[in-house]
Amino acid sequence: MTAQELKQLLDACALAGRIVARLPELPKGMRPSHIHVLDAVYEICRSQGECRVSDVSARLNVTTPGITRLIGELEAAGMLEKRESSQDRRVTLLRLTAGGMECVDTYVIQLHSRWAKKLQDVSGGQVREAVQVIKRLWETMPGKRGE
Numbered sequence: 009m010t011a012q013e014l015k016q017l018l019d020a021c022a023l024a025g026r027i028v029a030r031l032p033e034l035p036k037g038m039r040p041s042h043i044h045v046l047d048a049v050y051e052i053c054r055s056q057g058e059c060r061v062s063d064v065s066a067r068l069n070v071t072t073p074g075i076t077r078l079i080g081e082l083e084a085a086g087m088l089e090k091r092e093s094s095q096d097r098r099v100t101l102l103r104l105t106a107g108g109m110e111c112v113d114t115y116v117i118q119l120h121s122r123w124a125k126k127l128q129d130v131s132g133g134q135v136r137e138a139v140q141v142i143k144r145l146w147e148t149m150p151g152k153r154g155e
C-alpha cells in the first residue's frame, strides 16, 4: 500500500464514521454502543444458548470493565437481565428483555435487512475483503499498546 492509498482508506473510514452517526435516532438514553452490545448478546445467545459478559467483551474487542459499564447501563434501562450461572456462581449470564429484543429487531434485524437489499450489487467477497482491510488497519494502528 502506498501513502496515498492509506490516505484514501482513512478518508473512507472517516466516511464510515459519518454513516454510523447518521443511523436512525435511537430511543432516549440509548447510544450506538448500547445497540452493539444488545446485538452481541442476541447473536451469542442464538449461537451458544447462553451469553457471559466475557463473551460480549471478546466479541466486541472491548475490555471487560468497559462492557460491564455498558451492561449496567442496559440493565438499568431494562434492556437486559443478568443472572448467576447455575454451574458457576462467579459467571454472570446475560439475556435480552422484551425491550432489548425490540431494540435489536428494530435497529439491527429490520434495518440491516432493508439496507442489505439496496446493496445486493456488493458481493460477499467484497464485504469480507473490506472487513479484513479494516481489521488489518486496526492491528497496525500506530500508538496501540505494546508498540
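The number in the working numbering is simply the position in the sequence shown, starting from 1, with 8 added. The C-beta atom is built at its ideal place from N, Cα and C for all residues, glycine as well.
Within the chosen definition, does the stretch 46–62 reach the stretch 112–124 through at least 3 CB pairs nearer than 8 angstroms?
In short, these stretches touch, since the Cβ pair count reaches three.
Could you tell me which uninterrupted beta strand (DSSP E) segments, each at least 3 residues in length, are contained entirely in the stretch 63–107, listed from first to last along the chain?
88–92 and 100–104
Mark Ile27 as exposed unless 16 or more other C-beta atoms lie within 10 angstroms of its C-beta, in which case mark it buried.
exposed
Does the beta-carbon of Leu23 have 16 or more other beta-carbons within 10 angstroms, so that it is buried, or is it exposed?
exposed
For Cys59, count neighbouring C-beta atoms within 10 Å of its own C-beta (all shown protein chains included) and say buried if the count is 16 or more, exposed if not.
Answer is buried; the Cβ neighbour count reaches 16.
Looking at the strands, I want to know which residues DSSP matches up with Leu60.
With the sequence shown as reference, residue 60 is identified as Arg, and Leu is not the correct amino acid for it. Arg60 is bridged to Leu101.
Helix or strand or just coil, what does DSSP make of Gly37?
coil
For Val135 and Pro35, I'd like the C-alpha separation in whole angstroms.
29 angstroms
Can you name the start and end residues of the alpha helix (DSSP H) that Gly25 belongs to?
Ala11 to Ala29
With the cut-off set at 7 angstroms, would you say Thr76 and Lys90 are in Cβ contact?
Contact flag unset, no.
Could you give the residue range of the alpha helix (DSSP H) that holds Gly133?
Gly132 to Glu147
Here's the rule: buried if 16 or more other CB atoms are within 10 angstroms of the residue's CB, otherwise exposed. What is Asp63?
buried
Give the C-beta separation of Ser131 and Leu78 to the nearest angstrom, bearing in mind that I take them to be a contact with Cβ-Cβ under 8 angstroms.
Their Cβ separation, rounded to whole angstroms, is 33 angstroms, which puts Ser131 and Leu78 out of contact at 8 angstroms.
Which residue's Cα is closest to the Cα of Gly107: Lys126, Leu46 and Met149?
Leu46
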